[in-house]
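S.K.:
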Amino acid sequence: MNSWKWIWRMTALLSGAATLLLAVGFGHGAQELIFPRPNVVDTEASANAPLTNREPSLEDGNYRIVAVGDSLAKGTGDTTGQGFARRTAALLDQKDDKEVRFLNNLGINGMTTRQLLNELEEPGVQYVLKEANIILLSIGANDLFQGGEALQMGSGVPDSAAAFDEALPGAVERLGEILNMLRSINPSARIVYIGLYNPFGDIEELREAGNQGITDWNARAAEMIAETENMTLTPTFDLFQRNPGAYLSFDHFHPNSIGYERIAERIVQGLE
Amino acid sequence: MKRFWAMVQNEVVKIVKKKRFYIILLILAVMVPVFSYAQMRQSLERQESYGSDWRLEVQQAIIDNQNSLSSDRVPQEWKIYRQIFIQQMQYYLDNDVNPNEPGGVTFTREFINNSATLFIPLMTMTIASDLVSSERASGTIKMLLTRPVRRWKVLLSKLVALLMFVSLIVASAYLICYLISGVFFGYSGWTIPIFTGFVLNGSDVDLSYVHATPQWEYLLMQSGLVWFVSTVVALLAFMVSVLVRSTAASIVVMMSALISGSILTNMASAWTSAKYLFMVNLGLTEYLAGNPAPIEGMTLGFSLAVLAAWAAVSVIISFAVFTKRDVLT
């Protein structure tokens with residue numbers, strides 16, 4: 001019977017200690033959650049966040065690729081989900097004996113120039129951009145087309161010419177700000193801007209206004225990019241001009257897999 | 001009083017003799033390595049795609065969630081979860097703190113977080129569910145009641161023994177988890193800062209209460225909340241074991257209640273009066289992590305009150321039934 005007495009004593013002792021500890025934890029946790037203390041730490045920390053003040057990573061002769069911008073950067077419409085960003089990385093990997101790392105795809109569906117300017121303030125985004133030495137940027141289509149919404153909703157053909165004229169100047173200005181900001185975040189990285197194409201080239205009513213607006217945009221962008229060092233514009237306008245149906249996905253706005261592959265080939269040619 | 005503790009001792013020895021507690025420890029000792037190994041595989045795979053840089057990984061998680069926010073196919077309540085997740089992750093990045101720093105302590109925190117509503121209550125149930133019903137099934141209850149002791153004292157001694165084992169189960173879950181996962185991930189990580197105090201207003205996170213807590217303190221608070229949940233579940237299972245004649249039936253009743261709870265929390269957000277059910281309120285640790293409550297309007301205070309009310313009622317019913325009921329055959 002003695003061993004049972006011993007078991008009882010051990011159990012009582014251990015469970016008494018455990019109960020005490022757990023009860024203290026419960027009291028502490030309940031108090032923290034029911035009467036939260038206001039914190040003393042600066043919550044507007046993003047400006048002086050540790051990540052914002054980091055130095056860009058050092059050049060090591062390898063490719064470190066980041067894609068940033070809208071749904072094209074993300075790869076929407078590509079059934080394999082790769083988009084031009086990962087396809088570019090894959091093509092580079094095949095061609096070159098340099099090591100290729102695809103860091104992040106920061107593309108977000110529906111992103112406009114205005115939203116991207118806000119996004120670039122994020123310390124995490126800045127960190128990723130600093131880690132890269134090739135930044136693929138696709139932006140502007142949503143400013144000009146409003147995501148192709150007007151067309152998809154079947155609300156009739158928008159008066160495109162007027163809409164382009166209205167949207168263009170502000171958007172171009174913001175594109176300039178974005179390029180400057182990317183440059184100041186990472187002064188040494190190669191920045192590749194993907195030019196716009198006209199997805200409505202086979203729709204008679206939209207073709208002309210679209211073509212004009214897009215070429216305007218691309219010309220203005222090319223002008224800005226030509227002034228800056230280590231930046232390229234990869235044109236895509238011609239790729240989708242003659243036969244948009246073959247290279248666009250079913251939403252008639254984003255490229256399909258083949259379309260993305262063709263863009264990626266262009267990007268790689270520009271990098272070599 | 002001395003006699004009462006002798007009765008408790010008797011109950012404790014009975015529980016130990018039934019070897020249920022050893023089985024619980026054994027289950028933990030088998031399950032934890034399995035989960036640890038799975039977790040290790042996962043982190044190895046992540047390392048392949050992001051290098052060893054957690055910041056890239058967290059930023060990608062933010063972007064992926066932002067993308068799903070713009071999709072019409074994602075239900076509204078999921079979007080709220082994701083918005084909150086995004087803000088929390090951005091806070092971690094702003095402060096350059098890895099939310100998933102690998103280590104035995106972090107693994108323990110996450111493992112317990114995931115098992116707080118189902119796994120650990122299940123463990124306490126295995127002991128609670130047959131405390132009274134097994135005595136009835138084997139007929140030993142008559143021996144117990146023929147002693148010159150008031151019935152409520154008999155039941156109370158069982159209840160005290162049960163509560164002792166609840167504490168032991170919660171404590172040993174932590175201990176086993178830490179000791180075993182440490183083999184895989186190392187034993188460090190006690191002082192990593194964990195952010196708590198995310199106050200939720202709809203889909204927005206109020207960051208003015210957020211503060212860093214060392215992980216050991218977080219574990220302490222978490223263990224206390226898990227202990228409270230386990231105690232409530234144990235008391236409910238205890239009541240069922242008084243009411244139901246067979247141990248199997250009593251386990252099934254409690255099990256289905258717990259499982260229906262985890263199903264309901266996933267789909268009951270539109271049925272607001274479900275928040276008065278105890279099984280929806282078991283996720284106390286979610287409040288600590290700053291995750292949104294399954295039903296709008298639930299807070300820690302509310303959940304504690306609901307759980308306490310259910311526990312109190314079940315204790316009253318247990319005693320009322322046990323002291324009144326005739327014991328036949």
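Just so you know, the protein sequences line up as chains A and B, in that order.
Sequential numbering from 1 applies to the first sequence in UniProt numbering.
Sequential numbering from 1 applies to the second sequence in UniProt numbering.
C-beta atoms are modelled at their ideal positions from N, C-alpha and C, and glycine is treated no differently.
Just so you know, these numbers come straight off a predicted model, no measurement behind them.
1) Between Glu286(B) and Thr196(B), what straight-line distance do the alpha-carbon atoms span, to the nearest angstrom?
2) Could you say which of Tyr178(B), Ala249(B) and Val242(B) lies nearest to Phe107(B) if we only look at CA atoms?
3) Out of Tyr193(A), Lys74(A) and Leu106(A), state which residue places its alpha-carbon closest to the alpha-carbon of Pro235(A).
4) Can you give me the Cβ contacts of Gly195(A) inside the same chain, cut-off strictly under 7 angstroms, excluding the 5 residues immediately before and after it?
5) Check the DSSP bridge columns for His211(B) and list the partner residues they point to.
6) Which bits of chain D does Asn109(A) rub up against, with CB to CB less than 8 angstroms?
7) Using the Cα positions of Met224(A) and Val66(A), report the straight-line distance between them to the nearest angstrom.
8) Does Glu32(A) have its Cβ less than 8 angstroms from a Cβ in chain B?
9) How many Å lie between Arg54(A) and Arg55(B) at the Cα?
10) Under 8 angstroms, do Asn109(A) and Ser70(B) count as touching if we go by C-beta distance?
11) Between which two residues does the beta strand (DSSP E) containing Asp204(B) stretch?
12) Let me know if Phe165(B) comes out buried or exposed under the rule of 16 or more other beta-carbons within 10 Å of its beta-carbon.
13) When Cβ atoms are compared, which residues of the segment 110-134 of chain A fall closer than 8 angstroms to chain B?
14) Since Phe102(A) sits in a beta bridge, which residues does DSSP pair it with?
15) Under 8 angstroms Cβ-Cβ, which residues of chain B neighbour Ala23(A)?
16) What's the call for Thr19(A), buried or exposed, on a 16-neighbour Cβ count within 10 Å?
17) Would a check of beta-carbon distances place Ala264(A) closer than 8 angstroms to chain B?
18) Under the rule that 16 or more other beta-carbon atoms within 10 Å means buried, what is Glu166(A), buried or exposed?
19) Identify the continuous beta strand (DSSP E) that holds Arg73(B) and give its terminal residues.
20) Report, in whole angstroms, the separation of the C-beta atoms of Ile63(B) and Pro292(B), which I expect to be a contact under 8 angstroms.
21) What separation, rounded to the nearest whole angstrom, lies between the Cα atoms of Ser208(B) and Pro38(A)?
22) Would you tell me roughly how many angstroms separate the C-alpha atoms of Ile176(B) and Phe184(B), rounded to the nearest one?
23) Please state the DSSP three-state secondary structure of Val327(B).
24) Assess contact between the segment 125-139 of chain A and the segment 66-77 of chain A, defined as three or more Cβ pairs (one per stretch) separated by less than 8 angstroms. Is contact present?
25) Classify residue 275(A) as helix, strand or coil using the three-state DSSP reduction.
26) Do you know how far the Cα of Leu284(B) is from the Cα of Val226(B)?
27) Could you give the C-beta distance for Ala248(B) and Ala128(B), rounded to a whole number, given that I count them as a contact under 8 angstroms?
28) Where DSSP assigns a beta bridge to Asn67(B), which residues make up the other side?
29) Within the continuous beta strand (DSSP E) that includes Gln138(A), where are the two ends?
30) Checking the sheet assignment: what are the DSSP bridge partners for Thr234(A)?
31) If distances are taken between C-alpha atoms only, which option among Gln87(B), Pro33(B), Pro121(B) and Ile86(B) comes closest to Met255(B)?
32) Just how far apart, CA to CA, sit Asn114(B) and Ile15(B)?
33) Name the chain B residues whose beta carbon is nearer than 9 angstroms to that of Lys98(A)?
34) Taking 7 angstroms as the cut-off, is the CB of Met10(A) close to at least one heavy atom of the ligand SAH?
35) Hey, how far is the Cα of Gln212(A) from the Cα of Ala85(A)?
36) From what residue to what residue does the alpha helix (DSSP H) around Ser172(B) run?
M.R.: Judging by the given coordinates:
1) Position 286 of the second sequence, counted from the start, is the residue given in the question as residue 286(B). Position 196 of the second sequence, counted from the start, is the residue given in the question as residue 196(B). Using only the alpha carbons, I get a separation of about 11 angstroms.
2) Looking up residue 107(B) in the second sequence gives position 107. Considering only alpha carbons, the answer is Tyr178(B).
3) Stepping through the first sequence from its first residue, residue 235(A) is reached at position 235. With distances taken between CA atoms, Pro235(A) lies nearest to Tyr193(A) out of Tyr193(A), Lys74(A) and Leu106(A).
4) The sequence position of residue 195(A) within the first sequence is 195, counting from 1. Within the same chain, Asn218, Ala221, Leu233, Thr234, Pro235, Thr236 and Phe237 come within 7 angstroms of Gly195(A) by CB-CB distance, once the 5 residues on both sides are set aside.
5) In the second sequence, residue 211(B) corresponds to position 211, counting from 1. According to DSSP, His211(B) bridges with Thr196(B).
6) Reference to chain D is not applicable here, since the protein chains of this structure are A and B.
7) Walking along the first sequence from the start, residue 224(A) turns up at place 224. Walking along the first sequence from the start, residue 66(A) turns up at place 66. So the alpha carbons of these two residues sit roughly 21 angstroms apart.
8) For the purposes of this step, residue 32(A) is taken as residue 32 along the first sequence, with counting starting at 1. At least one C-beta of chain B is nearer than 8 angstroms to the C-beta of Glu32(A).
9) The residue you call residue 54(A) lines up with position 54 of the first sequence. The residue you call residue 55(B) lines up with position 55 of the second sequence. C-alpha separation (whole angstroms): 13 angstroms.
10) The residue given as residue 109(A) occupies position 109 in the first sequence. The residue given as residue 70(B) occupies position 70 in the second sequence. Yes, they are a contact pair.
11) By one-based count along the second sequence, residue 204(B) stands at place 204. Per DSSP, Asp204(B) is one residue of the beta strand (DSSP E) stretching across Asp204 to Asp206.
12) As a working note, residue 165(B) is residue 165 in the second sequence. Buried, since its Cβ has 16 or more Cβ neighbours within 10 Å.
13) Listed in sequence order: Gly110, Glu122, Pro123, Gly124, Val125, Tyr127, Val128 and Glu131.
14) If you number the first sequence from 1, residue 102(A) lands on position 102. As DSSP reads the structure, Phe102(A) sits in a beta bridge with Ile65(A).
15) On the first sequence, position 23 is the one that residue 23(A) refers to. Those are Gly224 and Trp227, listed as they occur along chain B.
16) Indexing the first sequence from 1 puts residue 19(A) at position 19. Looking at its Cβ environment, which holds 16 or more other Cβ atoms inside 10 Å, Thr19(A) is buried.
17) To locate residue 264(A), count along the first sequence from 1; it is residue 264. Taking 8 angstroms as the CB threshold, Ala264(A) stays off the interface with chain B.
18) Along the first sequence, read from residue 1 onward, the residue named residue 166(A) stands at position 166. By the neighbour-count criterion, in which a residue is buried when 16 or more other Cβ atoms sit within 10 angstroms of its Cβ, Glu166(A) is exposed.
19) Taking the first residue of the second sequence as position 1, residue 73(B) is located at position 73. In this chain, Arg73(B) is not harboured by any beta strand (DSSP E), its DSSP state being neither H nor E.
20) Residue 63(B) sits at position 63 when you count from the first residue of the second sequence. Residue 292(B) sits at position 292 when you count from the first residue of the second sequence. Contact between Ile63(B) and Pro292(B) does not hold, since the beta-carbon distance rounds to 21 angstroms and is not under 8 angstroms.
21) Translated into the one-based positions of the second sequence, residue 208(B) becomes position 208. Translated into the one-based positions of the first sequence, residue 38(A) becomes position 38. The alpha-carbon atoms of Ser208(B) and Pro38(A) are separated by roughly 6 angstroms.
22) Taking the first residue of the second sequence as 1, we reach residue 176(B) at position 176. Taking the first residue of the second sequence as 1, we reach residue 184(B) at position 184. Rounded to the nearest angstrom, the two C-alpha atoms are 13 angstroms apart.
23) As a position in the second sequence, residue 327(B) is number 327, starting the count at 1. Per DSSP, reduced to three states, the secondary structure at Val327(B) is coil, with no helix or strand assignment.
24) When C-beta atoms of the segment 125-139 of chain A are compared with those of the segment 66-77 of chain A, three or more pairs fall below 8 angstroms, so the two segments count as touching.
25) Residue numbering for chain A in the displayed model covers 1 to 272; residue 275(A) lies beyond these limits and cannot be assessed.
26) As a first step, residue 226(B) is located in the second sequence; it is residue number 226 there, counting from the start. As a first step, residue 284(B) is located in the second sequence; it is residue number 284 there, counting from the start. Cα to Cα, the separation comes out at about 7 angstroms.
27) Counting from 1 along the second sequence, the entry for residue 248(B) is found at position 248. Counting from 1 along the second sequence, the entry for residue 128(B) is found at position 128. The Cβ separation is near 14 angstroms, so there is no contact.
28) Numbered from its first residue, the second sequence carries residue 67(B) at position 67. None, per the DSSP bridge assignment.
29) On the first sequence, position 138 is the one that residue 138(A) refers to. The sequence shown places Ser at residue 138(A), rather than the Gln named in the question. Boundaries of the beta strand (DSSP E) harbouring Ser138(A): Ile134 to Ser138, taken from the DSSP string.
30) Mapped onto the first sequence, residue 234(A) falls at position 234. Ile194(A), per the DSSP bridge assignment.
31) For the purposes of this step, residue 255(B) is taken as residue 255 along the second sequence, with counting starting at 1. Ranking Gln87(B), Pro33(B), Pro121(B) and Ile86(B) by CA distance to the CA of Met255(B) puts Pro121(B) first.
32) The sequence position of residue 114(B) within the second sequence is 114, counting from 1. The sequence position of residue 15(B) within the second sequence is 15, counting from 1. Counting only the Cα atoms, Ile15(B) lies some 27 angstroms from Asn114(B).
33) Counting from one through the first sequence, the residue named residue 98(A) turns up at place 98. Correct list: empty, because the minimum Cβ distance to chain B is about 16 angstroms.
34) The ligand SAH is absent from the structure shown, which contains no ligand whatsoever.
35) By 1-based counting over the first sequence, the position of residue 212(A) is 212. By 1-based counting over the first sequence, the position of residue 85(A) is 85. In this structure, the straight-line span from the alpha carbon of Gln212(A) to that of Ala85(A) is close to 27 angstroms.
36) Indexing the second sequence from 1 puts residue 172(B) at position 172. First-last of the alpha helix (DSSP H) with Ser172(B): Arg151 to Phe185.
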